[in-house]
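Enquirer: In the numbering used here, the protein residues as written are -13 to 256. Beta carbons are placed, not taken as given, at the ideal position from N, Cα and C, and that holds for glycine. Because the structure is a prediction, the values reported are computed rather than measured.
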Ligand SMILES: Nc1ncnc2c1ncn2[C@@H]1O[C@H](COP(=O)(O)OP(=O)(O)OP(=O)(O)O)[C@@H](O)[C@H]1O
């Protein structure tokens, strides 16, 4: 997946606001990349571009070396808010995509069962979304996206609304699913721990206009689980992310940078 010199601007000509400018990033097939950045820097906009919900004002968005022309089930999106069909059961929600893709009824049902099993929800297949907890609904969302066997999984703060415990379970589950299926993942989060735990690489975005300002390789071996958080490298990587994000967040809020006089020590110089 490649975004090449992408810019996005919204609004009428006189009050046009540039959201992304000359943004370039490349994600290898099967790579797990997290996007971190201050609120409003354009993380969701990047996902919307790759999903095909939005076209760049300039530049190119390529998946499998082809320009993204519009939404495609091969690029599955999982949001923070729930988007399940409330009138369909869990099973029906998950088999919807395979059926729309033309799978025979029995095959679509089997595909849905496979993915519900993977996310540990076979027992509630005949429940309606309203009968499930928030965490369970998220697992259905993930099963629904995966049931299309997407090459690319786009996740927009998928666990942002969950309590800390449920979040750990979901992160562990996602690590396992990713190991099994190896989709390319672009994962937006505000949570530094989550980014370090899950990603192969973290892209830090800056504001005004949004662009990638730095990238951090996560050199903690896989397969991983939540215990990776106790690895000494985890703390070091977290510190690097914090330094970069703190500076960008101050900028986003229009605050003076404490380190302006000490540029040599700035992590941005690394
Ligand atoms: N359709 C639109 N029309 C006008 N402005 C938009 C539109 N979509 C996004 N924006 C603006 O683009 C900027 C970036 O939004 P985006 O949601 O991509 O940021 P983000 O980094 O994901 O933010 P957050 O972390 O708060 O979710 C914001 O200032 C937002 O108001």
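What is the DSSP secondary structure of residue 167, counted as helix, strand or coil?
Expert: Reduced to three states, the DSSP call for residue 167 is helix.
Enquirer: Any heavy atom of ligand 1 within a distance shorter than 8 Å of the CB on residue 57?
Expert: Answer for residue 57: no, Cβ out of range of ligand 1.
Enquirer: Any beta carbon from chain B within less than 9 Å of residue 133's own beta carbon?
Expert: Here there is only one protein chain, and chain B is not present.
Enquirer: Among -13, 66 and 153, which residue has its Cα nearest to the Cα of residue 38?
Expert: The shortest Cα separation from residue 38 among -13, 66 and 153 belongs to -13.
Enquirer: Between the stretch 218 to 234 and the stretch 10 to 29, are three or more C-beta pairs nearer than 8 Å?
Expert: Segments in contact, yes.
Enquirer: Under a three-way DSSP split, which group does residue 3 fall into?
Expert: The answer is strand: DSSP assigns residue 3 an E or B state.
Enquirer: According to DSSP, is residue -5 part of a helix, a strand, or is it coil?
Expert: Residue -5: strand per DSSP, three-state reduction.
Enquirer: At the level of alpha carbons, what is the spacing between residue 225 and residue 11?
Expert: Answer to the nearest angstrom: the Cα atoms are 23 Å apart.
Enquirer: Under 8 Å from any heavy atom of ligand 1, does the C-beta of residue 199 make it?
Expert: No, the beta carbon of residue 199 sits no closer than 8 Å to any heavy atom of ligand 1.
Enquirer: Which residues does DSSP pair with residue 141 in a beta bridge?
Expert: For residue 141, which the question treats as bridged, DSSP gives the partners 64 and 173.
Enquirer: From this set, 152, 71 and 220, which residue's C-alpha is nearest residue 117's C-alpha?
Expert: If we check each option's Cα against that of residue 117, 71 comes out closest.
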